[in-house]
Amino acid sequence: MFIFQSHFLLLFKVLKKHKMNRITQLFGIQYPVVQGGMIWCSGWELAAAVSNAGGLGLIGSGSMDPDTLRVHIRRCREATTRPFGINIPLIFAHAPAFINLAIQEKVPVVFTSAGNPAKYTAMLKENGIKTVHVVANTKGARKAEESGCDAVVAEGYEAGGHNGKEETTTMVLIPHVVQSVSIPVIAAGGIGSGRAMLAAMALGAEGVQIGSRFAASTESSAHPVFKQKILEAAEGDTKLSLRKLIPVRLLDSPFYKKVSDMEANGASAEELLAFLGSGRSRKGMFEGNMEEGELEIGQVSAMISEIKPAGDILLEIVEEYNALLPTLKPV
């Protein structure tokens, strides 16, 4: 009982009085809230808005080429004096160029994902860049720590976009990762409110990464039609698909139904790749083609009912967290 009470007293001090914890101290931010670097949603406007509100905004490089990313980095720096970062999926062909670009442009923080953190972490840290890796299991978390990462994002399978093959939920994953590493853990997957943030912190996380809620923000670069689909999503409207390739959570749509039918009929990985072709996520999320495009979003979309400025979203989450924290009682 004493440990439980002390833990929540510490959390209360961290956010209510804006004292530093390991995540806010690491990034030099006010609140331990990171905006996920989502493809086709997370440009410089969204990243700057979140950073200006006291969180850590991330530019999602996965939908960019090096020249485009450079523009977004420079515009973000013009729009905020606060720390921001970029997310780099290591499986993409542009990843080496993005790493070099982050170093050249002196980006303060880099989140890597979908690959081996050992490949670039030392190089980034040698250049003074805070480095975080996104994982879906304890093995990946330990590897990130061994590689020298400053923190790790543990993402449950509720999250939108690419997911771990283990399909471990956030509720199970977070405490398991917390017990497995000594570096700070940022929780992700199914977090879109102060209540969910409080639950993640209770599980041992020291910060949260939020994607879907910010995808439906005013500053998100997602197409307005896609944003409206997010608002219309109901419980069960997202599906985990493409398990033969890389598991990805998609909004139910004609595209998803076609992929699901192919998988049910035994389509091979090669056949699925041929059907996917290129540009499916751009077509859906950025261009607003709801028939043929891929729509990546998390389960928490069912709880999103309004498009708001990103700064308002962040502050609402923090205020709800602070309001609920004192109501928790030991049993």
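Residues in the sequence shown are numbered from 980 upward in steps of one, following my numbering.
Yeah, the Cβ is synthetic: ideal placement off N, Cα and C, and Gly gets one too.
Are the CB atoms of residue j and residue i within a distance shorter than 7 Å?
| i | j | result |
| --- | --- | --- |
| A1120 | V1157 | no |
| L1080 | P1045 | yes |
| M1264 | A1201 | yes |
| F1238 | S1220 | It is Val, not Phe, that sits at residue 1238 in the sequence shown. It is a contact, given that the beta carbons lie within the stated cut-off. |
| T1091 | S1126 | no |
| I1283 | I1170 | no |
| H1112 | C1128 | yes |
| I1296 | M1180 | no |
| A1130 | L1152 | no |
| I1082 | N1106 | yes |
| G1139 | E1275 | yes |
So, with DSSP's three-state summary, where would you put residue i?
| i | result |
| --- | --- |
| R1228 | strand |
| H1051 | helix |
| E1298 | helix |
| L1035 | strand |
| Y1196 | In the sequence under discussion, the amino acid at residue 1196 is Ser, which differs from the Tyr named in the question. Correct three-state label for S1196: strand. |
| H1202 | coil |
| K1308 | coil |
| Q1014 | strand |
| E1275 | strand |
| K1085 | coil |
| M1269 | coil |
| I1170 | coil |
| T1148 | coil |
| G1263 | helix |
| G957 | Residue coverage of the chain in this structure runs from 980 to 1310, which leaves residue 957 outside it and unanswerable. |
| A1179 | helix |
| V1238 | helix |
| Q1158 | helix |
| N962 | The shown model of the chain, from 980 to 1310, leaves out residue 962, and the question about it has no answer. |
| S1126 | coil |
Which residue or residues does DSSP assign as beta-bridge partners of residue i?
| i | result |
| --- | --- |
| G1186 | I1165 |
| L1219 | R1228 |
| S1092 | P1068 |
| F1063 | G1036 |
| H1141 | V1227 |
| K1287 | S1196 |
Comparing C-alpha positions only, which one of the options sits nearest to residue i?
| i | options | result |
| --- | --- | --- |
| R1061 | P1075, V1086 and N1031 | N1031 |
| N1268 | A1074, A1181, P1203 and M1241 | P1203 |
| R1261 | D1231, F1205, A1302 and S1172 | F1205 |
| G1034 | I1189, M1180 and N1301 | I1189 |
| Q1340 | E1271, F1193 and G1036 | Only positions 980 to 1310 of the chain appear in the structure, and residue 1340 is not among them; the question remains open. |
| A1302 | R1174, L1152 and I1082 | R1174 |
| L1255 | M999, R1192 and K1223 | K1223 |
| R1001 | P1075, K1109, M1102 and V1113 | K1109 |
| E1249 | P1233, P1305, E1146 and I1225 | I1225 |
| E1198 | F1071, C1055 and F1234 | C1055 |
| L1293 | Q1004, V1013 and M999 | V1013 |
| A1212 | E1285, E1266, G1094 and P1305 | E1285 |
For the beta strand (DSSP E) containing residue i, name the first residue and the last one.
| i | result |
| --- | --- |
| V1131 | A1130 to E1134 |
Where do the N-terminal and C-terminal ends of the alpha helix (DSSP H) with residue i fall, by residue?
| i | result |
| --- | --- |
| T1110 | Premise fails: T1110 lies in the beta strand (DSSP E), K1109 to V1114, not in any alpha helix (DSSP H). |
| K1098 | Looking at the DSSP string, K1098 is not in any alpha helix (DSSP H), and its letter there is neither H nor E. |
| S938 | Since the displayed the chain opens at 980 and closes at 1310, residue 938 lies outside it and no answer follows. |
| S1021 | Looking at the DSSP string, S1021 is not in any alpha helix (DSSP H), and its letter there is neither H nor E. |
| T972 | Since the first residue of the chain shown is 980 and the last is 1310, residue 972 is not available in this structure. |
| A1213 | No alpha helix (DSSP H) contains A1213, which DSSP labels as neither H nor E. |
| A1248 | A1248 to L1255 |
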